[in-house]
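Here's the structure we're looking at; comments come further down.
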Amino acid sequence: MKKFRPQPGFVVQAYRFALDPNAAQEAALRSHCGAARAACNWAVGWVTASWWQRRAEESYGVPEADLTQWRPWSLPSLRKAFNAAKYTDPRFASWWEANSKEAYSTGLANAAAAFDNYAKSKQGKRRGRTVGMPRFKPKRKARLSCGFTTGTIRADADGRHVTLPRLGTIRTHEPTGKLLARVQGGTARILSATVRHERGRWFVSFQTEVGRDLVPVARPDVAVGIDLGVKTLAVMADSAGEVREIPNPRHLDGALKQLRRASRAVSRRRGPDRWRGQKPSSRWEKANAARNRVHHRVANLREDALHKLTTKVTAEYGTVVVEDLNVAGMLRNRRLVSALT
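Just so we're aligned, residue 4 is where the sequence shown starts under our numbering, counting upward by one.
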């Protein structure tokens with residue numbers, strides 16, 4: 004598939020806004036994200052079924068020419084097969100019309116990307132750790148996300164609502180004025196939108212093509228090397244001989260006392276038990292929501308600190324060189340994970 008390239012003088016930029024959906028809109032959002040997950044699982048099962056069938060036939064001594072044909076995993080092929088199956092497959096026949104076609108396309112695109120990554124990794128064409136076969140997404144652990152590329156996608160003129168296909172007009176938690184001003188001024192064009200449930204709240208991200216003027220940095224002839232650390236967030240040494248240490252804010256350490264108290268409150272309530280079919284009490288859900296707010300605040304503080312640091316660095320130096328760390332491997336160290344996550 005041909006990759007999108009912005010026109011000269013434009014860049015692709017995302018605008019992210021928190022949403023305040025009502026009960027019916029939140030149910031529709033969850034339905035669309037669930038449809039994307041179901042379509043992805045269908046695609047994984049449809050493609051891998053031919054793999055297992057071929058393996059079984061080979062064990063029976065079936066000649067190569069008579070083996071079951073490989074099923075393609077390109078996005079157009081998956082769309083064509085899914086559109087033919089959704090009318091008769093009992094997993095979709097009774098409810099697929101309740102969601103936008105974009106929800107199913109999102110799941111199929113995720114499956115196609117997963118198979119591509121697996122094939123490239125197996126052929127040695129993909130850097131990093133070896134990628135295994137695509138797996139089914141469990142309902143309880145899958146991230147709620149859905150993308151939209153066609154239909155009505157806009158930020159409304161009042162600056163406090165957005166409109167998405169089949170979901171309609173949803174109020175935003177924060178004003179959309181920055182995006183709206185650019186769209187109305189003709190310096191931005193909305194390409195797609197993605198809704199996601201993250202940290203207890205719904206967000207919408209608009210991918211836009213935005214016209215940008217080149218802004219000169221403060222020190223264009225100076226290069227800086229950044230060494231990431233644990234005790235200090237980063238150590239920056241530039242070609243002018245200046246060395247600066249950025250202290251680690253350690254937001255989690257500051258919230259541990261509050262987190263312990265919230266966790267004790269959760270442990271004293273009747274929580275869910277999948278094996279016994281026990282549902283959580285309302286007091287457990289309330290206490291768990293309070294504990295989650297502590298985690299969400301720490302995550303937001305970390306994200307804010309990183310954004311401020313990267314913005315400051317890119318506005319000052321003409322060349323930036325960053326240390327390449329195996330962060331995924333460091334996260335498996337229990338002594339480092341609290342300082343890195």
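Glycine residues also receive a C-beta, built at the ideal position from the N, C-alpha and C atoms.
query	result
Expressed to the nearest angstrom, what Euclidean distance is found between the alpha-carbon atoms of D216 and R267?	53 Å
Who are the near neighbours of R74 in its chain, counting only those whose CB is closer than 7 Å to its CB and skipping five residues on each side?	W49, V50 and S53
Going by other Cβ atoms of all chains shown within 10 Å of its Cβ, with 16 needed for buried, is S285 buried or exposed?	exposed
For a test of the three-state rule: what should DSSP assign to D119, helix, strand or coil?	helix
Does the beta-carbon distance from T166 to S195 come in below 8 Å?	no
State buried or exposed for G280, treating a residue as buried only when at least 16 other CB atoms are found within 10 Å of its CB.	exposed
Closest to E105 by CA distance: which of A87, G154 and P93 is it?	G154
Would you decide whether R345 is buried or exposed? Buried here means 16 or more other CB atoms lie within 10 Å of its CB.	Nothing can be reported for residue 345, as the shown portion of the chain is limited to 4 through 344.
Quick check: what's the CA-CA separation for V233 versus D307?	18 Å
Over what stretch of residues does the alpha helix (DSSP H) that includes R57 continue unbroken?	A26 to S62
Quick check: P168 and S80, are their CB atoms within less than 8 Å of each other?	no
In chain order, what residues of the same chain lie with their CB nearer than 7 Å to the CB of T190, ignoring the 5 residues before and after it?	V213 and G214
Where do the N-terminal and C-terminal ends of the alpha helix (DSSP H) with V316 fall, by residue?	S285 to E319
Nearest to R384 by CA position, among A258, L312 and F20, is which residue?	With the chain represented from 4 up to 344, any question about residue 384 goes unanswered, as that position is not in the structure.
Does DSSP put M239 in a helix, in a strand, or in coil?	strand
Using only alpha-carbon positions, find the residue among A302, F206, S270 and V238 that is nearest to G257.	A302
If you reduce the DSSP assignment to three classes, tell me which class Q72 lands in.	coil
Please state if the CB of K89 and the CB of W99 are separated by a distance shorter than 8 Å.	yes
Would you kindly work out how many angstroms separate the C-alpha atoms of R82 and R300, rounded to a whole number?	40 Å
Within the continuous alpha helix (DSSP H) that includes Q210, where are the two ends?	First-last for Q210: R204 to G214, but that is the beta strand (DSSP E), not the alpha helix (DSSP H).
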